[in-house]
Amino acid sequence: MTATKLMPIPGHIDPVPVPRPDLVEGITPREDGRVDLIGLPKKRIAELFETAGLDAKAAKLRAKQVFHWLYHRGVTDFEAMTDIAKTMRPWLAERFVIGRPEIVEAQHSSDGTRKWLLRTADGHDFEMVFIPDADRGTLCVSSQVGCTLNCRFCHTGTMRLVRNLTAGEIVGQVMLARDSLGEWPKSGQADLAALDDDLVDEDGGYSADGRLLTNIVMMGMGEPLYNFDNVRDALKLVMDGDGLALSKRRITLSTSGVVPKMERCAEEIGVNLAVSLHAVTKDVRDEIVPINKKYGIEELLQACADYKGASNARRITFEYVMLKDKNDSDEDARELVRLIKHYKLPAKVNLIPFNPWPGAPYECSTPERVKAFSNIVFEAGISAPVRTPRGRDIDAACGQLKTAAEKKSRAELERLYAEKEKALG
Ligand code: SF4
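Below you can see the structure in the form of structure tokens.
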């Protein structure tokens with residue numbers, strides 16, 4: 002792959018399109034020349050079938066059938082597509098594949114959290130985490146291999162951006178999770194899944210057809226709004242009633258604050274929004290979430306206030322990692338309340354005890370401090386639950402599995418930070 006230089010823009014590292022000479026129109030590349038259908042919408046599949054020799058009418062019909070088998074039933078073999086003629090199935094298999102990211106490592110925590118280290122077809126590793134709770138099961142999905150940003154509390158921030166994940170590699174994570182959890186609809190259940198919206202209760206209970214995987218958060222490795230098109234295309238397949246059929250109310254996209262893309266996110270994707278806020282003053286947020294140097298707190302909160310679809314029933318989540326003596330004072334809590342009220346935001350605050358990793362520059366706030374902070378926000382009428390740390394025995398925090406295999410020394414980390422900081426201008 003060609004090395005790509007970061008283009009320095011004052012105050013920020015902007016996304017860099019990583020050249021993919023082998024990547025054609027969003028198709029996940031394969032060495033054997035066959036085309037991976039995962040990640041493609043029905044229309045594109047029909048076009049490929051037509052290019053491969055079917056007439057337009059047959060291509061459209063086959064695409065409809067194949068789409069259903071791929072995304073709704075989760076089959077990984079053309080032979081299993083029973084309503085497609087037996088003679089047609091080898092024709093498909095010669096030209097196309099049904100891909101999944103490769104599983105390099107799978108870990109299962111004593112608290113039920115599962116974590117997978119996955120690999121793209123061209124050999125890049127990334128992560129996916131499944132977090133079961135009493136009333137829901139949430140899959141944390143990655144959008145990039147590495148990240149251009151360097152949020153100082155985040156382990157992924159210590160990695161360079163390798164490349165954006167394709168739509169196929171993003172939706173492929175959800176499909177892989179359904180494979181692992183055995184959650185594809187069986188015959189006769191298919192129609193139930195398509196009616197997911199009606200089958201789930203408003204506060205996020207398990208779906209009535211008994212699935213464990215009920216929610217998705219785009220909160221894994223990478224900044225999803227810096228890979229907008231692929232994330233949008235993947236989530237459309239996830240939300241498609243004839244695809245994975247998950248309601249948009251059950252999908253949350255988390256951004257560090259890429260303000261110019263937030264309006265498009267509401268209009269073109271329409272999922273719930275979460276914002277990695279983590280600080281309420283310019284100085285501290287500039288340090289912890291350096292994209293703040295480009296898009297400041299006020300601009301970000303105004304974009305949240307303008308986010309179409311946010312309401313008291315679909316509140317914006319503000320993620321706030323609790324860092325000892327950095328962002329955890331009573332004054333910080335009061336300022337957080339003031340900002341949320343000032344912008345009239347339908348908000349909830351997720352307080353996250355910091356999960357330190359080797360070489361991390363911060364410590365976690367004390368439990369007493371977290372409680373005091375939470376109380377101030379809660380007493381102002383804003384929900385501020387403290388997220389229970391999950392999967393600590395398997396290093397389930399973002400970026401930890403990938404870097405366990407490539408441990409960096411403190412000096413290496415400082416060098417990498419300095420490199421990224423330099424590009425911030
Ligand atoms: S928190 Fe998200 S945006 Fe920030 S460095 Fe980590 S992966 Fe990137």
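Take any residue in the sequence shown, count from 1 to its spot, add 1: that is its number in the working numbering.
From the three backbone atoms N, C-alpha and C, an ideal C-beta is built for every residue, glycine too.
By the neighbour-count definition (other C-beta atoms within 10 Å, threshold 16), Gly34 is an exposed residue. In terms of Cβ geometry, Asn165 and Asn228 form a close pair [threshold 9 angstroms]. Taking C-alpha positions only, Trp358 is separated from Glu369 by approximately 22 angstroms. Fewer than three pairs of CB atoms, one per stretch, sit closer than 8 angstroms, so the region 300–307 makes no contact with the region 155–165. Taking C-beta atoms as the reference points, Ile317 and Lys295 fail to come closer than 9 angstroms. At a threshold of 8 angstroms, Thr121 does not count as near the ligand SF4, since its beta carbon sits no closer than that to any of the ligand's heavy atoms.
With 16 or more other Cβ atoms from the protein chains shown falling within 10 Å of its own Cβ, Ser110 counts as buried.
Under the 10 Å beta carbon count, Pro91 is surrounded by fewer than 16 other beta carbons and is classified as exposed. For Tyr321, the pairing in a beta bridge is given by DSSP as Leu352. Of the residues His156, Ala107 and Gly242, the one whose Cα lies closest to the Cα of Leu182 is Ala107.
Exclusion of Leu324 from the 8 angstroms shell around the ligand SF4 follows from its C-beta lying no nearer than that to any non-hydrogen atom of the ligand. The DSSP-derived three-state label of Trp358 is coil. Taking non-hydrogen atoms of the ligand SF4 into account, the C-beta of Thr253 is found less than 8 angstroms away from none of them. The shortest C-alpha to C-alpha distance from Ala135 to any of Lys187, Gly392 and Leu213 is the one to Leu213. In the structure shown, His73 falls within a helical segment according to DSSP collapsed to helix, strand and coil. Using a 10 angstroms sphere on the CB of Gly169, the tally of other CB atoms reaches 16 or more, which defines it as buried. As DSSP reads the structure, Val36 sits in a beta bridge with Phe97.
Taking the Cβ of Thr157 as the reference point, at least one heavy atom of the ligand SF4 falls within a distance shorter than 8 angstroms. A direct Cα-Cα distance of roughly 21 angstroms separates Pro347 from Glu269. In this structure, the CA atom of Gly54 is about 16 angstroms from the CA atom of Ile85. Excluding residues up to 5 positions away in sequence, Asn216, Ile217, Val218, Met219, Met220, Val272, Asn273, Leu274, Ala275 and Thr318 lie with their Cβ nearer than 8 angstroms to the Cβ of Thr253 in the same chain. Nearest C-alpha to Leu352 among Thr367, Pro362 and Met323: Met323. With three or more CB-CB distances shorter than 8 angstroms, the region 111–128 counts as touching the region 138–154. For the ligand SF4, no non-hydrogen atom lies closer than 8 angstroms to the CB of Cys141. Exclusion of the five residues before and after Arg179 leaves Gly75, Trp185 and Leu214 as the residues of its chain whose Cβ lies within less than 7 angstroms of its Cβ. In the DSSP assignment, Arg315 falls outside any beta strand (DSSP E), carrying neither H nor E. In the three-state reduction of the DSSP assignment, Ser375 falls in the helix class, which pools H, G and I. Under the DSSP assignment, Glu224 falls outside any beta strand (DSSP E); it carries neither an H nor an E label. DSSP lists Leu119 as the bridge partner or partners of Ile104.
Scanning Glu320, Ala334, Asp326 and Lys372 for the CA closest to the CA of Glu364 turns up Asp326. Taking a C-beta distance under 9 angstroms as the contact criterion, Thr139 and Phe131 qualify as a contact pair.
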